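The numbers in the sequence shown follow our numbering, run straight up by one, and end at 1438.
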Amino acid sequence: MKNENLDSLARKLVAPGKGILAADESTPTIEKRLKSIGVASTEENRRAYRDVLFTTASVGEFISGVILFDETIRQKTRDGRTFVEALEQQGIIPGIKVDKGAKPMANFPGEKGTEGLDGLRDRLAEYRQLGARFAKWRAVISIGDKIPTRTCIATNAELLARYAALCQEGDLVPIVEPEVLMDGAHTIERHFEVTQQTLEAVFRALYEHRVVLEGMLLKPNMVLSGKECPQQASVQEVAEATVSCMKHVVPAAVPGLVFLSGGQTDLQATEHLNAMNRLSDVPWQLSFSFGRALQAPVLKAWKGDSANVADAQKAFHHRALCNSKARFGKYTEDMETAKAAA
Ligand code: 13P
């Protein structure tokens, strides 16, 4: 019975035309984002910014769930509703980031392991009480000289699987996020190879930990050329490489893949998602769980000024709409210019 609920919740999170907003930046990360628009990272500014996102009218048509941070799940809108209530009133499912960050791995220079398992069972119970229905844990794999090592991949896979098992025990849908970074000069072929190795280890660990695949979602990176690679793959090449890589290692029982944007521009992320959804014959919903690719234009329009809230919300609504269209392979470039003309 419990699993049946998790299955249907996981399917709701990847309902056609909808995807997830990742608004779970940790305090140091949101500080960086706010600094980029000249805004100090006070608790009130962080709250005001999230208020802009969560009270955007009609965005529930395109956004199925929002991932919150520990501070954010306890905050309220300007008009005194908890953020959880405000999201639920739009039909949006609240989720929560539960990892405590990727930390340097002892003896493995340049590699990281994600912390946060200690006390996780109790934290999950509290978050469930506060209204979270799903959770996220991010592992980070870097590509470089002689890395990633098998030890780093295996360690992160094990941590992800233990987290996912605890989530399902605590009645939350786990989003399993092993991010192979696009930083570096590697080719798209190398990114493919490392992503495949990583996902293979993750699914083996999930199987060993008896995680129910129907009641979870995978949050993978797209398969891309490294940011500094002189040879940049085309949109079609990225779409084909990503879907082919996923087909090799992601079981069909997983209801959906919710891609991260990982430092792509907002337009690139939408174009890639669109091109993937134009390829036929995939067993999963191909959706999004974007942070930067949904928020970059919102931050730029808001600038910390309450006089800009309407413009910032328009920008968010527009990006959410574009990504919703991309879920059907129906996004076109002129949607961007149509907006500029409006
Ligand atoms: P980006 O889309 O900015 O990569 O963020 C997604 C996310 O939640 C990373 O954990």
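Just so it is clear, CB atoms sit at the ideal spot from N, CA and C, and this is done for glycine as well. None of these values were measured; they are calculated from a predicted model.
Problem - Whole-number beta carbon distance between residue 1198 and residue 1235, since they are thought to touch under 8 Å - result: As a position in the sequence shown, residue 1235 is number 139, starting the count at 1. As a position in the sequence shown, residue 1198 is number 102, starting the count at 1. Sure, about 7 Å apart at Cβ, within 8 Å.
Problem - residue 1234 beta carbon near ligand 1 (any heavy atom closer than 6 Å) - result: The residue labelled residue 1234 in the question sits at position 138 within the sequence shown. Result yes, Cβ under 6 Å from ligand 1.
Practice task
With hydrogens ignored, establish whether the beta-carbon of residue 1356 is closer than 6 Å to any heavy atom of ligand 1.
Solution key: Here residue 1356 refers to the residue found at position 260 when the sequence shown is read from its first residue. Yes, ligand 1 has a heavy atom inside 6 Å of this Cβ.
Exercise for the section: State buried or exposed for residue 1419, treating a residue as buried only when at least 16 other CB atoms are found within 10 Å of its CB. Expected result: If you number the sequence shown from 1, residue 1419 lands on position 323. Per the 10 Å Cβ criterion, buried.
Practice task
Provide the residue span of the beta strand (DSSP E) that contains residue 1327, from first to last.
Solution key: One-based indexing of the sequence shown puts residue 1327 at position 231. Where residue 1327 is concerned, there is no enclosing beta strand (DSSP E), given that its DSSP letter is neither H nor E.
Problem - Cβ-heavy atom distance, residue 1212 to ligand 1, below 6 Å - result: What you label residue 1212 is simply residue 116 of the sequence shown in a count that begins at 1. Incorrect: residue 1212 has no Cβ contact closer than 6 Å to ligand 1.
Practice task
State the DSSP-derived secondary structure class of residue 1106, mapped to helix, strand or coil.
Solution key: Taking the first residue of the sequence shown as 1, we reach residue 1106 at position 10. Residue 1106: helix per DSSP, three-state reduction.
Exercise for the section: Check whether the Cβ of residue 1386 lies closer than 6 Å to any heavy atom of ligand 1, and answer yes or no. Expected result: Stepping through the sequence shown from its first residue, residue 1386 is reached at position 290. Yes; taking the cut-off as 6 Å, the Cβ of residue 1386 has a heavy atom of ligand 1 nearer than that.
Practice task
Quick one: residues in its chain with C-beta nearer than 7 Å to the C-beta of residue 1240, no 5 flanking neighbours on either side, listed in chain order?
Solution key: Taking the first residue of the sequence shown as 1, we reach residue 1240 at position 144. Excluding residues within five positions, the ones whose Cβ falls inside 7 Å are 1206 and 1280.
Problem - Sequence-distant residues of the same chain with beta carbon closer than 6 Å to residue 1431, five excluded per side - result: Within the sequence shown, the letter at position 335 stands for residue 1431. For residue 1431, where only same-chain residues beyond five positions count, the Cβ hits under 6 Å are 1418.
Problem - Whole-angstrom C-beta distance between residue 1347 and residue 1290, which should lie under 8 Å - result: Taking the sequence shown and counting its residues from 1, the one referred to as residue 1290 is at position 194. Taking the sequence shown and counting its residues from 1, the one referred to as residue 1347 is at position 251. Contact doesn't hold; Cβ gap of about 20 Å is too wide.
Practice task
Identify which residue in 1249, 1303, 1313 and 1333 has its Cα closest to the Cα of residue 1285.
Solution key: On the sequence shown, position 189 is the one that residue 1285 refers to. Answer by Cα proximity: 1333.
Practice task
Identify which residue in 1361, 1374 and 1378 has its Cα closest to the Cα of residue 1344.
Solution key: Residue 1344 sits at position 248 when you count from the first residue of the sequence shown. Residue 1344 has its Cα closest to that of 1378, out of 1361, 1374 and 1378.
Problem - For residue 1247, three-class secondary structure by DSSP - result: Sequence index remark: in the sequence shown, residue 1247 carries index 151 (1-based). Correct three-state label for residue 1247: helix.
Exercise for the section: Verify whether the separation of the beta carbon atoms of residue 1367 and residue 1331 is less than 7 Å. Expected result: Locating residue 1367 in the sequence shown gives position 271, counting from the first residue. Locating residue 1331 in the sequence shown gives position 235, counting from the first residue. Their beta carbons are under 7 Å apart, which means residue 1367 touches residue 1331 by this criterion.
Practice task
Can you tell me the Cβ-Cβ gap for residue 1196 and residue 1211, rounded? I've got them flagged as a contact below 8 Å.
Solution key: For this step, residue 1196 is matched to residue 100 along the sequence shown. For this step, residue 1211 is matched to residue 115 along the sequence shown. Residue 1196 to residue 1211, Cβ: 5 Å. Contact.
Practice task
Mark residue 1160 as exposed unless 16 or more other C-beta atoms lie within 10 angstroms of its C-beta, in which case mark it buried.
Solution key: By one-based count along the sequence shown, residue 1160 stands at place 64. With 16 or more other Cβ atoms within 10 Å, it is buried.
Problem - Inter-stretch contact at 8 Å, needing at least 3 Cβ pairs: the segment 1125-1134 / the segment 1401-1419 - result: no
Practice task
Would you check if there are 3 or more beta carbon pairs closer than 8 Å linking the segment 1423-1430 to the segment 1161-1173?
Solution key: no
Problem - Endpoints, beta strand (DSSP E) assigned at residue 1275 - result: Taking the first residue of the sequence shown as position 1, residue 1275 is located at position 179. Residue 1275 -> beta strand (DSSP E) spans 1269-1276.
Problem - Other residues of its chain near residue 1382: CB distance less than 8 Å, five sequence neighbours each side excluded - result: Position 286 of the sequence shown, counted from the first residue, corresponds to residue 1382. Only 1339, 1352, 1353, 1355, 1369, 1372, 1373 and 1423 meet the Cβ criterion.
Exercise for the section: Using 6 Å as the cut-off, classify the Cβ of residue 1118 as near or not near the heavy atoms of ligand 1, replying yes or no. Expected result: Locating residue 1118 in the sequence shown gives position 22, where the first residue counts as 1. Because some heavy atom of ligand 1 lies under 6 Å away, the Cβ of residue 1118 counts as near it: yes.
Practice task
Note the first and the last residue of the continuous alpha helix (DSSP H) segment covering residue 1288.
Solution key: Within the sequence shown, numbered from 1, the residue matching residue 1288 stands at position 192. Run containing residue 1288: 1284-1304, per the alpha helix (DSSP H) assignment.
Practice task
Would you kindly work out how many angstroms separate the C-alpha atoms of residue 1255 and residue 1305, rounded to a whole number?
Solution key: Here residue 1255 refers to the residue found at position 159 when the sequence shown is read from its first residue. Here residue 1305 refers to the residue found at position 209 when the sequence shown is read from its first residue. One C-alpha to the other measures close to 10 Å.
Exercise for the section: Can you give me the Cβ contacts of residue 1440 inside the same chain, cut-off strictly under 6 Å, excluding the 5 residues immediately before and after it? Expected result: The chain is shown only over 1097 to 1438; residue 1440 falls outside these bounds and no answer can be derived.
Exercise for the section: Give me the Cα-Cα distance between residue 1440 and residue 1202, rounded to the nearest whole angstrom. Expected result: Residue 1440 is absent from the structure shown; the chain starts at 1097 and stops at 1438.
Practice task
With a 10 Å radius around its C-beta and 16 neighbouring C-beta atoms as the bar for buried, classify residue 1174 as buried or exposed.
Solution key: Taking the first residue of the sequence shown as 1, we reach residue 1174 at position 78. Exposed, because fewer than 16 other Cβ atoms sit within 10 Å of the Cβ of residue 1174.
Practice task
Take the Cβ of residue 1051 as the centre, count every other Cβ of all protein chains shown within 10 Å, and call the residue buried at 16 or more, exposed below.
Solution key: Coverage of the chain is limited to positions 1097 through 1438, which leaves residue 1051 absent and any answer about it impossible.
Exercise for the section: Have a look at 1153, 1315 and 1337 and flag the residue whose alpha-carbon is nearest the alpha-carbon of residue 1321. Expected result: Within the sequence shown, the letter at position 225 stands for residue 1321. When only C-alpha atoms are compared, the closest one is 1337.
Handout entry: DSSP-derived helix/strand/coil call for residue 1229
Key = Numbered from 1 along the sequence shown, position 133 holds the residue referred to as residue 1229. In the structure shown, residue 1229 sits in coil (DSSP, three-state: anything other than H, G, I, E or B).
Problem - Limits of the unbroken alpha helix (DSSP H) element including residue 1208 - result: Residue 1208 sits at position 112 when you count from the first residue of the sequence shown. Where residue 1208 is concerned, there is no enclosing alpha helix (DSSP H), although the beta strand (DSSP E) it sits in stretches over 1208-1210.
Exercise for the section: Note down, in chain order, each residue of its chain lying with its Cβ closer than 6 Å to the Cβ of residue 1178, except the 5 sequence neighbours on either side. Expected result: Here residue 1178 is taken as the residue at index 82 of the sequence shown, counted from 1. Counting only Cβ-Cβ distances below 6 Å, and skipping sequence neighbours, we find 1172.
Practice task
Quickly, what does DSSP pair residue 1424 with across the bridge? List them, please.
Solution key: Sequence index remark: in the sequence shown, residue 1424 carries index 328 (1-based). BP columns for residue 1424 are empty, so no partner.
Handout entry: Nearest neighbour of residue 1247, chosen from 1102, 1233, 1294 and 1268 [CA to CA]
Key = As a first step, residue 1247 is located in the sequence shown; it is residue number 151 there, counting from the start. If we check each option's Cα against that of residue 1247, 1294 comes out closest.
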